[in-house]
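Participant:
There are 2 protein chains.
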Amino acid sequence: MTTTSHTLNDVDLNAVGALVEAIQNDPGKAGTTWKSTVEWHGGFRSASRSRDFAPAESDEPVALGGEDTAPNPVEQLLGALGNCLAVGYAANATAAGIELKDLRIELEGELDLHTFLGLTDGNAGYETIRANVSIDSDADSETLQNLHEKVISTSPVGHTLSRAVPVEVALA
Amino acid sequence: MTTTSHTLNDVDLNAVGALVEAIQNDPGKAGTTWKSTVEWHGGFRSASRSRDFAPAESDEPVALGGEDTAPNPVEQLLGALGNCLAVGYAANATAAGIELKDLRIELEGELDLHTFLGLTDGNAGYETIRANVSIDSDADSETLQNLHEKVISTSPVGHTLSRAVPVEVALA
Numbered sequence: 048m049t050t051t052s053h054t055l056n057d058v059d060l061n062a063v064g065a066l067v068e069a070i071q072n073d074p075g076k077a078g079t080t081w082k083s084t085v086e087w088h089g090g091f092r093s094a095s096r097s098r099d100f101a102p103a104e105s106d107e108p109v110a111l112g113g114e115d116t117a118p119n120p121v122e123q124l125l126g127a128l129g130n131c132l133a134v135g136y137a138a139n140a141t142a143a144g145i146e147l148k149d150l151r152i153e154l155e156g157e158l159d160l161h162t163f164l165g166l167t168d169g170n171a172g173y174e175t176i177r178a179n180v181s182i183d184s185d186a187d188s189e190t191l192q193n194l195h196e197k198v199i200s201t202s203p204v205g206h207t208l209s210r211a212v213p214v215e216v217a218l219a
Numbered sequence: 048m049t050t051t052s053h054t055l056n057d058v059d060l061n062a063v064g065a066l067v068e069a070i071q072n073d074p075g076k077a078g079t080t081w082k083s084t085v086e087w088h089g090g091f092r093s094a095s096r097s098r099d100f101a102p103a104e105s106d107e108p109v110a111l112g113g114e115d116t117a118p119n120p121v122e123q124l125l126g127a128l129g130n131c132l133a134v135g136y137a138a139n140a141t142a143a144g145i146e147l148k149d150l151r152i153e154l155e156g157e158l159d160l161h162t163f164l165g166l167t168d169g170n171a172g173y174e175t176i177r178a179n180v181s182i183d184s185d186a187d188s189e190t191l192q193n194l195h196e197k198v199i200s201t202s203p204v205g206h207t208l209s210r211a212v213p214v215e216v217a218l219a
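As you go down the protein sequences, you meet chains F and A in turn.
Using the working numbering, you'd call the opening residue of the first sequence number 48 and step up by one each time.
Using the working numbering, you'd call the opening residue of the second sequence number 48 and step up by one each time.
1) Does Ala101/A come out as helix, strand or coil in the three-state DSSP assignment?
2) Pro213/F: buried (16+ other C-beta within 10 angstroms of its C-beta) or exposed?
3) Please report the distance separating the alpha-carbon of Glu107/A from that of Arg92/A.
4) Could you list the residues in the segment 100 to 111 of chain A with a C-beta less than 7 Å from some C-beta on chain F, going in chain order?
5) Between Ala142/F, Val121/F and Asp159/F, which lies nearest to Thr222/F when the distance is taken from Cα to Cα?
6) Below 9 Å between beta carbons: does that hold for Ile182/A and Leu154/A?
7) Which residues in the same chain have their Cβ closer than 7 Å to the Cβ of Arg210/A, if we skip the five residues on either side of it in sequence?
8) What are the start and end residues of the beta strand (DSSP E) that includes Leu158/A?
9) Can you tell me the Cβ-Cβ gap for Val198/F and Leu132/F, rounded? I've got them flagged as a contact below 8 Å.
10) If contacts are defined as beta-carbon pairs under 8 Å, then Val204/F and Ala127/F qualify, I think. What distance do you get, rounded to the angstrom?
11) Who are Val109/A's beta bridge partners in DSSP?
12) Which runs of the beta strand (DSSP E) fall wholly inside the segment 182 to 219 of chain A and span at least 3 residues, in chain order?
13) Does any residue of chain F have a CB that is nearer than 9 Å to the CB of Thr27/A?
14) What would DSSP say about Ile176/F, mapped onto helix, strand or coil?
15) For the beta strand (DSSP E) that Val85/A lies in, which residues bound it at each end?
16) Measure the CB-CB distance between Gly90/F and Gly64/F and report whether it falls below 9 Å.
17) Quick check on this structure: which residue in Val58/F, Pro118/F and Thr162/F has the alpha carbon closest to the alpha carbon of Arg98/A?
18) Does the distance from the C-beta atom of Thr74/A to that of His161/F stay below 9 Å?
19) State the DSSP-derived secondary structure class of Ala94/F, mapped to helix, strand or coil.
20) So with Cβ pairs under 9 Å, would you call Ile38/A a contact of chain F?
21) Taking the C-alpha atoms as reference points, what is the distance between Val216/F and Thr80/A?
22) With DSSP as the reference, label Val58/F as helix, strand or coil.
23) Quick check on the DSSP output: the alpha helix (DSSP H) that includes Pro120/A runs from which residue to which?
24) Is there at least one Cβ from chain A nearer than 9 Å to Gly144/F's Cβ?
25) Indicate the three-state DSSP secondary structure (helix, strand or coil) for Ala69/F in the structure shown.
26) Of the residues that make up the segment 81 to 98 of chain A, which ones have a beta carbon closer than 9 Å to any beta carbon in chain F?
27) Let me see if you follow: with CB-CB separation under 9 Å, is Asn179/A close to chain F or not?
28) Take Thr49/A and list the residues in its own chain whose beta-carbon comes closer than 6 Å to its own, dropping the five residues that flank it on each side.
29) Assuming the contact rule is C-beta atoms closer than 8 Å, Asn56/F and Glu146/F should be a hit. Round their C-beta distance to whole Å, please.
30) Could you tell me whether the Cβ of Asp59/A comes closer than 9 Å to any Cβ of chain F?
31) Less than 7 Å between C-beta atoms, sequence neighbours within five positions excluded: which residues of the same chain meet that for Lys76/F?
32) Taking 9 Å as the CB-CB cut-off, is Met48/A touching chain F?
33) Please name the residue in Val58/A, Leu66/A, Val109/A and Ala94/A whose C-alpha comes closest to that of Ser58/F.
34) Determine, for Ala211/A, whether the minimum Cβ-Cβ distance to residues of chain F falls below 9 Å.
35) Mark Glu157/F as exposed unless 16 or more other C-beta atoms lie within 10 angstroms of its C-beta, in which case mark it buried.
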């Protein structure tokens, strides 16, 4: 690692390196727990809060019975995937010495409302999710393709969506 | 439906009823597409935007190489699940004539960093996700349990996480 690489893409590789070293010395340190608390505000309005950050508001469009004051949960889910992919590109590009000038990700997914509305049993969730990634970089296309494959194979939100995760919802 | 039920829990059941009727008349109307656009802001900072709403900022904790200015993507994912469940409780409680006085959902999930950090192949995503739901209502426990089961069986984000969804990420 050169001294200039520390600030390539504005990514602090020293912090990531220290974490990798800590986990190599004590693999148990790789086990992390993440949390969020959601409070209902009436109607279809609610807000999620993690750690001490400002709450993120949620609502539904008017056609779905909401007041349309904020993105809805399935849009938030796509945003989480895009933000996760952005971290992946930034981290892996920096580790490989690739400068990113710009990065933009367009996400979309299809969802059939029949199950959500109680009209049929079945899958209430996304049937498919797509992300189109635009990268502005002087790196050649093979280098960017290798970067892309690394990101796909290491994305926490990407893997959470593409695998079946046990989700346990308990009523207190 | 009584006239008072229109505003029970501050939920507009008329709008949901109109959507259900429209879909019963034309099932194709149940097919919906949702979108989000993510722009990278340098480092591990980015923001997701849906429709005309304000962007939702994203970052990583300092220990993961970020500047810790916003919830990270895996926290956002838990928030999306909680917000989706909140809509489900509000909608199904209102349809069943159950008044909700308060609703709060605590979410957490475990994630092993080995794959994200490139130390091993495998699952970079959540291994498990749990949600603990607290409802303040005068309804009896059997009524609330039935409500709970209805919400679980119709949750778009819940089903997206608990099933394997095809996620296609393409480099432009």
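We put the beta carbon where it would ideally sit given N, CA and C, even for glycine.
Facilitator: Straight from the coordinates:
1) Counting from 1 along the second sequence, the entry for residue 101/A is found at position 54. Correct three-state label for Ala101/A: coil.
2) The residue given as residue 213/F occupies position 166 in the first sequence. Counting every other CB atom within 10 Å of its CB across the protein chains shown gives Pro213/F a total below 16, marking it as exposed.
3) Reading the second sequence from its first residue, position 60 is the one you call residue 107/A. Reading the second sequence from its first residue, position 45 is the one you call residue 92/A. Answer to the nearest angstrom: the Cα atoms are 7 Å apart.
4) Along the segment 100 to 111 of chain A, the positions whose C-beta sits under 7 Å from a C-beta of chain F are Phe100, Ala103, Ser105, Glu107, Val109, Ala110 and Leu111, read in chain order.
5) Since the first residue shown for chain F is 48 and the last is 219, residue 222/F is missing from the structure and cannot be characterised.
6) Within the second sequence, numbered from 1, the residue matching residue 182/A stands at position 135. Within the second sequence, numbered from 1, the residue matching residue 154/A stands at position 107. In this structure, Ile182/A lies away from Leu154/A, with their beta-carbon atoms at least 9 Å apart.
7) In the second sequence, counting from the first residue as 1, residue 210/A sits at position 163. Around Arg210/A: no qualifying Cβ.
8) In the second sequence, the residue the question calls residue 158/A occupies position 111. For Leu158/A, the enclosing beta strand (DSSP E) has its first and last residue at Asp149 to Asp159.
9) By one-based count along the first sequence, residue 198/F stands at place 151. By one-based count along the first sequence, residue 132/F stands at place 85. Between Leu132/F and Val198/F the Cβ distance is about 6 Å, and since that is below 8 Å, they are a contact.
10) Residue 204/F sits at position 157 when you count from the first residue of the first sequence. Residue 127/F sits at position 80 when you count from the first residue of the first sequence. That pair is a contact at about 5 Å.
11) Position 62 of the second sequence, counting from 1, holds the residue named residue 109/A. Partner(s): none; Val109/A has no beta bridge.
12) Those beta strand (DSSP E) runs which fall completely within the segment 182 to 219 of chain A and span 3+ residues are 214 to 218.
13) Examination of residue 27/A is not possible in this model, given that chain A is present from 48 through 219 alone.
14) Position 129 of the first sequence, counting from 1, holds the residue named residue 176/F. Three-state result, Ile176/F: strand.
15) Residue 85/A sits at position 38 when you count from the first residue of the second sequence. Its beta strand (DSSP E) spans residues Gly78 to Trp87.
16) Taking the first residue of the first sequence as position 1, residue 90/F is located at position 43. Taking the first residue of the first sequence as position 1, residue 64/F is located at position 17. No, they are not a contact pair.
17) Taking the first residue of the second sequence as position 1, residue 98/A is located at position 51. When the alpha-carbon of Arg98/A is set against those of Val58/F, Pro118/F and Thr162/F, the nearest one is in Pro118/F.
18) The residue you call residue 74/A lines up with position 27 of the second sequence. The residue you call residue 161/F lines up with position 114 of the first sequence. Note that residue 74/A is Pro in the sequence shown here, rather than Thr. Contact flag set, yes.
19) Here residue 94/F is taken as the residue at index 47 of the first sequence, counted from 1. Reduced to three states, the DSSP call for Ala94/F is strand.
20) With chain A covering 48 to 219 only, the question about residue 38/A has no answer from this structure.
21) Residue mapping note: residue 216/F aligns to position 169 of the first sequence, counting from 1. Residue mapping note: residue 80/A aligns to position 33 of the second sequence, counting from 1. Distance from the CA of Val216/F to the CA of Thr80/A, rounded to the nearest whole angstrom, comes to 26 Å.
22) The residue you call residue 58/F lines up with position 11 of the first sequence. Secondary structure of Val58/F (DSSP, three-state): coil.
23) For the purposes of this step, residue 120/A is taken as residue 73 along the second sequence, with counting starting at 1. That run of the alpha helix (DSSP H) goes Pro120 to Ala142.
24) Counting from one through the first sequence, the residue named residue 144/F turns up at place 97. Chain A contact via Cβ: absent.
25) Translated into the one-based positions of the first sequence, residue 69/F becomes position 22. Helix, per DSSP.
26) Under the 9 Å Cβ criterion, the segment 81 to 98 of chain A contributes Trp81, Lys82, Ser83, Thr84, Val85, Glu86, Trp87, His88, Gly89, Gly90, Phe91, Arg92, Ser93, Ala94, Ser95, Arg96, Ser97 and Arg98.
27) As a first step, residue 179/A must be located in the second sequence, where it is residue number 132. A Cβ of chain F is located within less than 9 Å of the beta carbon of Asn179/A.
28) Taking the first residue of the second sequence as position 1, residue 49/A is located at position 2. Per-residue confidence for Thr49/A stands at a pLDDT of 45, beneath the threshold of 50, marking its modelled position as unreliable; the derived number appears in the next sentence. Excluding positions up to five away in sequence, the list is empty.
29) One-based indexing of the first sequence puts residue 56/F at position 9. One-based indexing of the first sequence puts residue 146/F at position 99. That belief holds up - the Cβ atoms of Asn56/F and Glu146/F are roughly 7 Å apart, short of 8 Å.
30) As a working mapping, residue 59/A is identified with position 12 in the second sequence. Yes, its Cβ sits closer than 9 Å to a Cβ of chain F.
31) For the purposes of this step, residue 76/F is identified with residue 29 of the first sequence, where counting begins at 1. Closer than 7 Å at the Cβ level, and outside the excluded window around Lys76/F, lie Ala69 and Ile70.
32) Looking up residue 48/A in the second sequence gives position 1. For Met48/A, the predicted structure reports a pLDDT of 44, less than 50, and the residue's modelled location is therefore unreliable. The matter cannot be settled from this model.
33) Translated into the one-based positions of the first sequence, residue 58/F becomes position 11. The sequence given here has Val at residue 58/F, not Ser. Nearest to Val58/F by alpha-carbon distance, out of Val58/A, Leu66/A, Val109/A and Ala94/A, is Val109/A.
34) Here residue 211/A refers to the residue found at position 164 of the second sequence. So yes, Ala211/A belongs to the interface.
35) As a position in the first sequence, residue 157/F is number 110, starting the count at 1. Exposed.
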